[in-house]
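Everything below concerns the one structure shown next.
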Amino acid sequence: MSTQIAHVLEETRSFPPPPEFQRRARVQSREQYEEMYRRSVEDPDGFWGDIAQEFHWFKRWDRVLNPDNAPFFKWFEGGLTNISYNCLDRHLQGERRTKRAIIWEGEPGDTRTLTYEELHQEVCQFANCLKQLGLKKGDRVAIYMPMIPELPVAMLACARIGAVHSVIFGGFSANAIVDRVHDFQACMIITADGGWRRGHVVELKKAVDEALPKCPSVKNVVVVHRTAQDVTMEPGRDHWWHALMKDASPDCPAEELDAEHPLYILYTSGSTGKPKGILHTTGGYLVGTAATSKYVFDLRDEDVYWCTADIGWVTGHSYIVYGILAIGGTSLMYEGAPNHPHPGRFWEIIDKYQVNVFYTAPTAIRAFAKWGEKWPQQYSLESLRLLGTVGEPINPEAWIWYYKNIGRERCPIVDTWWQTETGMIMITTLPGAAPAKPGSAGLPFFGVDPAIVSEDGEEVDAGHSGLLVVRRPWPAMLRTLYGDDERFQEVYWSKYEQQGWYFTGDGAFRDQNGYFMIIGRIDDVINVSGHRLGTMEIESALVSSPLVAEAAVVGYPHDMKGQGICAFVSVPEGVDVHESDKEVLREHVAHEIGAIAKPDVIRFTEALPKTRSGKIMRRLLRDIAAGKDSHQDTTTLEDFSVLARLRESEES
Ligand code: PRX
């Protein structure tokens, strides 16, 4: 931890916004930012209320924030609205009616553009299909789809009728679908025959078929025809999207929903074996994601904006779909891999569609850097005016590479810190307001009150690390964990219960300028390529194999992925393991969770090193994982008992 702090503190380079960017920016100086920030925290109801007024309410709220039943905060109580209406119908009156809402490019090169009017029509039609299949307000729907326009259409159609969607990332396995569908009792799954990834078909319907026998709550499956390979369709249960849409009416008024009506559930990893169903609701989420889209990306009506995340993660929910469409932006979606058919594909797309604002992840930037400057050099990239990153700390080298090779030293970079739980960007330096510092997320967004505190809640001095908390509620905050209010209180609110602060699970520090730097998770969650994985989830997947007696999973620094996954595995007595069993176990984890959870390194050991009281010595394992060549090729069972004895006093 301390070396990283030293590394970032030593980073003295700072990049002021280019004057031409600053002149047009919504917030043009640190003073203006401070002024607006002050108002946002001195009068949060006034601040958020003003932003909310820009949107459509069937009935205005009675109260902006109701903190009476903390931590079950309510926003815009008494208000009636609909986020699908705000993302679509609201734009149909003026010029935005014929503006592009979604520009889409498939991996094979096929393209599609939907104007606001067209998107509205398709969403209304699909909402009618959902109703026809018996879906009602409050029903839950699982969405397991590739990055195709039908995915946001499905989300917006659910939101239109008040059904609650839960998007399951297409890289997750059938078992992950079962766990999630079971947890939120979905009555429908919307999927596709497949999606394209690196020239291959990812067979989504097949995974759904594998999951369905264990999902008795699911009565209907809707399937988009995308990749055209053979799929099994069970009559009465499975329906082709296009067949349903053929006769669907385009007339479907949006339901008038309570501001606190559930919008979606999105599962994310925590420190236990069971993913948490983060619940977001309607009114506050609309206001929070729209406000951040407007100020952080400084979006203009003429901009083409591209976020490269998959909609299976929160970034796609907030900043491909809801926040961007709520403010009438043009959102570009791309289906496939960044290096297919060549490593310049992203830059080709930027030139082709004249993308102005580009938002991606540090792990992708590190991959681009590895593939080499020659790829972006073949493209003009002149349309770009702002870059962003999200998902994990960005190392200053990657930041500089991005700044030089993609931004051509003329685009500010916004490093945005937030979480599935926060729903919206919480910390970032607004692009026209103040200099960006590589490796630092920067300053709090309006109305957000983060602090770095010690275990017992004292604020720590600049330059010292501590735990990142948020001291007041914000509109896009999670409302609970689906079906588990107790775990919600325990995970996020019990640590600083007295103070009433939200605990983020991240370690961070602040520099003399008030900039926040995020160090990373302090719990048993690892961040692999910007994706959160719980070590316990991977451990439970491993121990379900007959080759494994016990397993301990730790993260270790990885050049490309940020963190890699290292699994220490002890084998049951009498079982003989071979080098090839490592691949068997990796595949086993892919089958249980998904390919993203495959351990990079598996080490067979005599026994897991434990303290006298029986606790696995994780710190020791982290050190071992960080210190050794990850490609060592040994089938001899390693013995960590001597190291464990040396460490005993330290870890117990
Ligand atoms: O550790 C932080 C890291 O990602 C975690 C949240 O992960 P998730 O809920 O999957 O959401 C990712 C996309 C919003 C945080 O607790 N993280 C996210 N953004 C940053 C970051 N770490 C450092 N810098 C960031 N900009």
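Numbered per my numbering, the sequence shown finishes at 678, counting up by one with no gaps. The beta-carbon is built from N, C-alpha and C at its ideal position, and this holds for glycine as well.
Counting the other CB atoms within 10 Å of its CB gives K587 a total of 16 or more, which places it among the buried residues. Distances from the CB of G531 to the heavy atoms of the ligand PRX include at least one below 8 Å. Residue environment for R411: buried (at least 16 other C-beta atoms within 10 angstroms of its C-beta).
Spatial neighbours of C150 in its own chain (CB-CB distance under 6 Å, excluding positions within 5 residues in sequence) are listed in chain order as P276, C278. DSSP lists L91 as the bridge partner or partners of W101. Boundaries of the alpha helix (DSSP H) around F152: 142-158. The straight-line gap separating the alpha-carbon atoms of W267 and E484 is approximately 55 Å. The C-beta distance from L413 to I432 rounds to 6 Å, short enough to meet the 8 Å contact threshold. In the DSSP assignment, G653 falls within the alpha helix (DSSP H) that extends over 644-653. Scanning Y170, T258, V416, I174 for the CA closest to the CA of T217 turns up Y170.
Relative to M643, the option among T448, A578, G600 whose CA is nearest is A578. Beta-bridge analysis with DSSP links H584 to G588. No Cβ-Cβ contact shorter than 9 Å links L493 with D324. A direct Cα-Cα distance of roughly 22 Å separates E236 from I291. Between the ligand PRX and the CB of I628, the shortest heavy atom gap is not smaller than 8 Å. In the three-state reduction of the DSSP assignment, E613 falls in the helix class, which pools H, G and I.
When DSSP states are grouped into helix, strand and coil, E632 belongs to the coil group. Just so you know, the alpha carbons of I187 and E281 end up roughly 5 Å apart.
Looking from the CA of Q589, the closest CA among R558, S571, D607 belongs to R558.
Nearest to A502 by C-alpha distance, out of A78, H82, G314, is G314. 9 Å or more divides the Cβ of A459 from the Cβ of F41. Placement of the Cβ of Q445 at a distance of less than 8 Å from at least one heavy atom of the ligand PRX is found. Taking 9 Å as the cut-off, the Cβ atoms of A393 and P419 do not count as close. The nearest non-hydrogen atom of the ligand PRX is less than 8 Å from the C-beta of A467.
Within the same chain, Cβ atoms closer than 8 Å to the Cβ of Q538 are found at A488, G489, the five residues on either side in sequence being excluded. At a Cβ-Cβ threshold of 9 Å, E361 and P172 count as neighbours. Counting only residues of its own chain and dropping the five nearest sequence neighbours on each side, T446 has a CB closer than 6 Å to the CB of L292, T294, I304, V340.
With contacts defined by Cβ atoms closer than 9 Å, A202 and G620 form a contacting pair. DSSP places N553 in the uninterrupted beta strand (DSSP E) bounded by 551-554. Taking 8 Å as the cut-off, one finds at least one heavy atom of the ligand PRX near enough to the beta carbon of P419. Non-local beta-carbon contacts of T137 in its own chain, meaning distances under 7 Å to residues more than five positions away in sequence, involve W130, E131 in chain order. Residue pairing by DSSP puts E485 in a beta bridge opposite V479. A distance below 9 Å separates the beta carbons of T356 and I128. Counted as a single uninterrupted DSSP element, the beta strand (DSSP E) harbouring T530 occupies residues 528-536. Bounds of the beta strand (DSSP E) holding N246 are 246-250. About 7 Å separates the beta carbons of G556 and P388, which is inside the 8 Å limit, making them a contact pair.
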